[in-house]
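Remarks on the structure that follows.
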Amino acid sequence: MIEKTLPFNFSIEVNKSKPSTLDPSLSLSEIKKRHDELVKLIQKYDHAYYVEARPLISDQEYDNLYHELETIEKLHPELITPDSPTQRIGESPLSGFSQVSHQVPMLSLENTYSKEELFAFLERIRRSLPGKKISFTVEPKVDGISISVIYKNGLFSLGATRGNGTMGDDITQNLKTIHSLPLRLNMENPPELLEIRGEAYMSLKDFEKLNAEREKEGKPLFANPRNATAGSLKQLDPRIVAQRPLAVVFYGGGQLKGFECKTQVEWLLFLKKIGIPIPVRFWHCKDENEVYEATCTLQEIRSDLPYPTDGAAIKVNEWEYYPILGYTAKAPRWAFAYKYGAERARTRLIQVIFQVGRSGIITPVAEMDPVFLSGTTVSRATLHNFDQIKRLDVKVGDYVFVEKAGEVIPEVVGVDTSQRTGKEKEIIPPEYCPSCGEKLFWEGIFLRCGNENCPAQLKERILHFAQRNALDIQGLGESLVDQLVDKGLVKDIADLYDLDEKTLVSLERMGKKSAQNLLQSLEESKKRDLSRLIFGLGITHIGQKASEELARYFGSMDRLANASEEELLAIPFIGEIMAKSIVSYFRKAKNRERLEKFRKIGFNFHSLHSGSSSGPLNGKTFVITGTLSEPRESIIAKINSKGGRVSNTVSRKTNYLVVGANPGSKLHEAKKLGIPIMSEQELFHLLKENE
Numbered sequence: 001m002i003e004k005t006l007p008f009n010f011s012i013e014v015n016k017s018k019p020s021t022l023d024p025s026l027s028l029s030e031i032k033k034r035h036d037e038l039v040k041l042i043q044k045y046d047h048a049y050y051v052e053a054r055p056l057i058s059d060q061e062y063d064n065l066y067h068e069l070e071t072i073e074k075l076h077p078e079l080i081t082p083d084s085p086t087q088r089i090g091e092s093p094l095s096g097f098s099q100v101s102h103q104v105p106m107l108s109l110e111n112t113y114s115k116e117e118l119f120a121f122l123e124r125i126r127r128s129l130p131g132k133k134i135s136f137t138v139e140p141k142v143d144g145i146s147i148s149v150i151y152k153n154g155l156f157s158l159g160a161t162r163g164n165g166t167m168g169d170d171i172t173q174n175l176k177t178i179h180s181l182p183l184r185l186n187m188e189n190p191p192e193l194l195e196i197r198g199e200a201y202m203s204l205k206d207f208e209k210l211n212a213e214r215e216k217e218g219k220p221l222f223a224n225p226r227n228a229t230a231g232s233l234k235q236l237d238p239r240i241v242a243q244r245p246l247a248v249v250f251y252g253g254g255q256l257k258g259f260e261c262k263t264q265v266e267w268l269l270f271l272k273k274i275g276i277p278i279p280v281r282f283w284h285c286k287d288e289n290e291v292y293e294a295t296c297t298l299q300e301i302r303s304d305l306p307y308p309t310d311g312a313a314i315k316v317n318e319w320e321y322y323p324i325l326g327y328t329a330k331a332p333r334w335a336f337a338y339k340y341g342a343e344r345a346r347t348r349l350i351q352v353i354f355q356v357g358r359s360g361i362i363t364p365v366a367e368m369d370p371v372f373l374s375g376t377t378v379s380r381a382t383l384h385n386f387d388q389i390k391r392l393d394v395k396v397g398d399y400v401f402v403e404k405a406g407e408v409i410p411e412v413v414g415v416d417t418s419q420r421t422g423k424e425k426e427i428i429p430p431e432y433c434p435s436c437g438e439k440l441f442w443e444g445i446f447l448r449c450g451n452e453n454c455p456a457q458l459k460e461r462i463l464h465f466a467q468r469n470a471l472d473i474q475g476l477g478e479s480l481v482d483q484l485v486d487k488g489l490v491k492d493i494a495d496l497y498d499l500d501e502k503t504l505v506s507l508e509r510m511g512k513k514s515a516q517n518l519l520q521s522l523e524e525s526k527k528r529d530l531s532r533l534i535f536g537l538g539i540t541h542i543g544q545k546a547s548e549e550l551a552r553y554f555g556s557m558d559r560l561a562n563a564s565e566e567e568l569l570a571i572p573f574i575g576e577i578m579a580k581s582i583v584s585y586f587r588k589a590k591n592r593e594r595l596e597k598f599r600k601i602g603f604n605f606h607s608l609h610s611g612s613s614s615g616p617l618n619g620k621t622f623v624i625t626g627t628l629s630e631p632r633e634s635i636i637a638k639i640n641s642k643g644g645r646v647s648n649t650v651s652r653k654t655n656y657l658v659v660g661a662n663p664g665s666k667l668h669e670a671k672k673l674g675i676p677i678m679s680e681q682e683l684f685h686l687l688k689e690n691e
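Numbering (full-length UniProt numbering), first residue to last: 1 to 691.
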């Protein structure tokens, strides 16, 4: 096994700093020469700082060079080139993202947590290529947002998200703001077209810094680095994206014209040579044992890597075998992801506090001695509920094992009973609500506060309502919500819309500009799609996906609010518990009053994406399996437009299974349940028939 830890070196050296005024005696050719010199020099320093994490000059020296370049381009705009560092940030927001078709589909990787399945995958490769000499690469599986970048004749020309694999969003202007992405390839005679694929990401350190800044400004916090990256790339204003600490790393390819490559190792080293960021550690392995050894090494060092990673990507090194091994509908057969279990740390549990959620459920939270875990220092972890406490037999004073669920939320998962001294104390459930003092009651395994006016519940409901996936109210952070509730200024979510500038500026850390921005964001929130309002209401058991489906199915808030349990149960994705919860919510007078207030102040009560409730396919549920001739999103839109809906899973409520090329296990399930099966052509005929 050969581990590749890439060397960093630079050879060109020129003056680091010159004044940012222009000598009037210089000729245009001399100015152009200096301009080109500055472009190359700043690109070099950008690469060293953002890719290699090895700054070569001070911030002041860098700023002097950048200002000098800006001065030249201001006086001589004809010298501006597409790869100039000044061209990274656009001057105005985009009106929306256009769609990009991936000529080579962007597929995901099959994955496993099992060592046995990893070896089974490697064995399948051997059996598929009898007598062939095969080697493998092991690379970090970066937990970011998948992107595709195209260079034409060496210049960055297009950047896109993966989307559904065949169609993605054009995020060219946003990607241009990321300094680790070169705008020009560092090579002579570049290929006519070079498509590279990888991840946009945010390091844990930068993520924590960004969230700390947002908390100070009263803005909603991002849940994790991946969400922060996704939210940043979805911004329509590249100037906002430029302020986010995003980075990129690449490992794959798409369309290639005027370039040939034989192996994955050759490809990675080529990318490195031309200035493209690649994984700083990867391994070239000759057999299965070396592959497994490399995955173990990667697991040990993953917290030291500059990007979040949740496993290893194992690939056949020789590209000539890719067409032979082929692809499934979702993944290549020549690559596999071996995912790691969550990192675990041991620390002492000092005390347990009790938090009140928006629905009144009391969650026990462990306060612990600080411990370093998955790149961050952790001092709190959830115990989930009292049934979990009993199951783990955890006590105050115990040494406990902590993991990060999904690499994000710390949770107590075990107890080191060998460290017990006999002085540990039982965790006793509280009798009264820690926020409002109301007597608590048991509901199954959950302890609940039934006081809907409980301040802690109200605060959580407001934060849920304001979050990015709901009404997206910028500036309504935790500290501001605390003040609004504690001072009695907001007693219900709807009261947010009674706030005025005078009231807001009287609060701590709220200036005139912040107050105006919040009021503007509140006004804009009224225009959000119905699905986001439904989600923001916080109806028990109704998550984001269910909210989208309810909005599409009913089309208006009034129809949903007046729906009976029977009507709701007729919908394929709604079960009895969800139906009862929805009906119960809208029966309460307080909730009805809130909706009426929302109506009066101009909230959007209609879905922008609803299907025709009276369409010819109304009430019909379709499931799709296999690869279709059109993008799946296009097919779904056509079905929705006729009143039908598309589900991801086959059940007895499914009306039709649409089968494309290389169908998956859904075909077997549908046959077993006796569900009608149709081809793509038959679906198109049905849609046309009902025009």
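Where is the CB? At the ideal position from N, CA and C, for every residue including glycine. Given the structure is predicted, the values throughout are model-derived calculations rather than measurements.
Three-state secondary structure assigned by DSSP to residue i
i	result
Tyr321	helix
Thr5	Its pLDDT being 47, under 50, Thr5 is placed unreliably by the model, and nothing is read from it.
Asp416	coil
Arg346	strand
Pro77	helix
Val485	helix
Asp23	coil
Ser146	strand
Gly231	helix
Phe97	coil
Ser157	strand
Leu305	coil
Ala331	coil
C-beta contact flag for residue i and residue j at 9 Å
i	j	result
Lys219	Gly477	yes
Thr417	Asp387	no
Asn618	Gln544	no
residue 695	Phe222	With the chain represented from 1 up to 691, any question about residue 695 goes unanswered, as that position is not in the structure.
Phe336	Pro430	no
Val316	Thr347	no
Glu110	Thr309	no
Gln43	Asn186	yes
Arg448	Ile582	no
Ala294	Val138	yes
Ser514	Glu213	no
Ser531	Ser607	yes
Asn174	Pro245	no
His102	Gly165	yes
Leu325	Ile125	yes
Ala345	Val378	yes
Ala551	Ile574	no
Contact test: residue i Cβ vs the ligand ADP heavy atom, cutoff 8 Å
i	result
Lys423	Annotation note on the ligand ADP: not contained in the displayed structure, which lists no ligands.
Cutoff 6 Å; reference residue i; Cβ partners in own chain excluding five residues on either side
i	result
Tyr585	Ile539 and Asn591
Leu268	Ile278
Ala313	Glu139, Lys141 and Ala337
Nearest residue (CA-CA) to residue i, options the options
i	options	result
Ser146	Gln351, Phe156 and Met167	Met167
Gly422	Lys395, Pro410, Tyr432 and Ile445	Lys395
Tyr340	Lys141, Val249 and Lys588	Lys141
Leu118	Ser479, Ser647, Ala670 and Asn289	Asn289
Gly660	Gly253, Ala551 and Leu628	Leu628
Arg645	Lys588, Arg587, Glu548 and Pro631	Glu548
His464	Glu438, Ile493 and Asn453	Ile493
Leu533	Leu484, Arg599, Leu504 and Glu566	Arg599
Glu501	Ala561, Leu522 and Asp486	Leu522
Straight-line Cα distance separating residue j from residue i
i	j	result
Leu158	His47	20 Å
Gly258	Asp83	21 Å
Ser525	Asn451	28 Å
Glu689	Lys620	15 Å
Arg594	Arg380	35 Å
Gly555	Ala563	12 Å
Leu504	Gly475	12 Å
Leu667	Ser651	12 Å
Gln351	Val412	13 Å
Same chain only: Cβ atoms within 7 Å of residue i, ignoring 5 sequence neighbours per side
i	result
Ile389	Pro364, Leu383 and Ile427
Lys330	Leu107 and Ser108
Thr263	Asn317, Glu318 and Trp319
Cβ shell of residue i (< 8 Å), same chain only, five flanking positions each side left out
i	result
Ser435	Val356, Cys449, Cys454, Pro455, Ala456 and Gln457
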